[in-house]
Structures are given as structure tokens and as C-alpha cells.
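Here the structure comes first, spelled out in C-alpha cells, and everything after it is commentary.
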Amino acid sequence: MYLAGLLLAAALQPSPPVPALSPAPLIAQQVRPNVAGQWDTRTTGDGDRAYRVRLIQEQGSVSGTYSGAQGDRGTLDGRLVGTEFRGQWRGGNGSGGWVRLSFSGDGTSFEGTWGYAGREISGEWIGSRL
């Protein structure tokens, strides 16, 4: 009887509070692939064109150059947050605009869109690491 009373008293005692679980960190969004190097790329929209792109990466800052078979040359500058690059392109002829690229987690390919300054999407931009 004494044991039954102890068990009943223990069962009626409030349980200690359970600490709230914090959400798991979003590791995948925080991982930044290495995108530095040479890329074989193609754009659509304002004429399908092939470009060789060279990127330099310092933490989240990415800059680079591009050159095409038609003599097109220009620069890229922007930020890489996780696998998403957002930046600007500037052509050697004075043109320019924006670019949004999504890199693969292993940093071997990308796909995205580009446009002229102040305009909607002009075309797609895809690439693979050389």
C-alpha cells in the first residue's frame, strides 16, 4: 500500500517543463559553393550567345569578366548568398543590367536570368565549370 501511494503521488506531480526545441539551422542556405574559375556559358534572349566567363570569389563577393566569340566583352559584380548570385553586368559598349544566377551546391553549374537595367527578364544564362 505504501508503494502504491508513492507511485500515485509521483504520477500526480507536475512534470518538469520540456525545453522548447529550436528549429534546426538551415545549413543548405548557409553553404556557399566555390564559384571561382572558368565557365563555359550561354545566354538566350538578345540573340543566343556563348561566353567564356572568369569569376573571382572573396567570401560572398563575386566579380569577373566575360568574353564572347563576337568580340563582346564585359564585367560581372555582385554578391553570393548561399547558392544565389545577384549582381550587375556591364558591357564594353556601355550597356548594362542585372543578373540572377543559381549555382549548384557543388559549384559545377548554374542557371539563371539576366536583363537590361530597368527592364524585365531579357533571357536565360546557363553555365558549366570548365
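With the sequence shown counted from 1, adding 1439 to any position gets you our numbering.
All C-beta atoms in this analysis are idealised placements derived from N, C-alpha and C, irrespective of residue type, glycine included.
Small disclaimer: the values here were computed from a predicted structure and weren't measured.
Kindly indicate which three-state DSSP category THR1480 falls into: helix, strand or coil?
-> Reduced to three states, the DSSP call for THR1480 is strand.
Exposure label - LEU1569; buried when at least 16 CB within 10 Å | For LEU1569, the number of other beta carbons within 10 angstroms of its own is below 16, and it is reported as exposed.
Any C-beta of chain D under 8 angstroms from that of GLN1496 = Although the question refers to chain D, the structure presented lacks it and comprises just one protein chain.
In whole angstroms, what separates the C-alpha of GLU1550 from that of THR1504?
-> Approximately 17 angstroms between the Cα atoms of the pair.
Limits of the beta strand (DSSP E) - the one that ARG1491 falls within = For ARG1491, the uninterrupted beta strand (DSSP E) run begins and ends at 1488 to 1497, by DSSP.
Go to LEU1519, then tell me how far its beta strand (DSSP E) extends in each direction, as first and last residue.
-> It spans 1512 to 1520 - the beta strand (DSSP E) in which LEU1519 sits, taken as one unbroken run.
Alpha-carbon to alpha-carbon, GLY1486 and GLN1509 | Taking the straight line from one Cα to the other gives about 11 angstroms.
Use the C-beta contact count for THR1547: other C-beta atoms within 10 angstroms, 16 or more gives buried, fewer gives exposed.
-> Answer is exposed; the Cβ neighbour count stays below 16.
Are GLY1513 and GLY1562 closer than 8 angstroms when you measure CB to CB?
-> Result no, Cβ atoms of GLY1513 and GLY1562 do not sit closer than 8 angstroms.
GLY1521 and TRP1528: beta carbons closer than 8 angstroms?
-> The answer is no: Cβ separation not under 8 angstroms.
Compute the distance between the beta-carbons of GLY1544 and PRO1472, then report whether it is under 8 angstroms.
-> Contact: yes.
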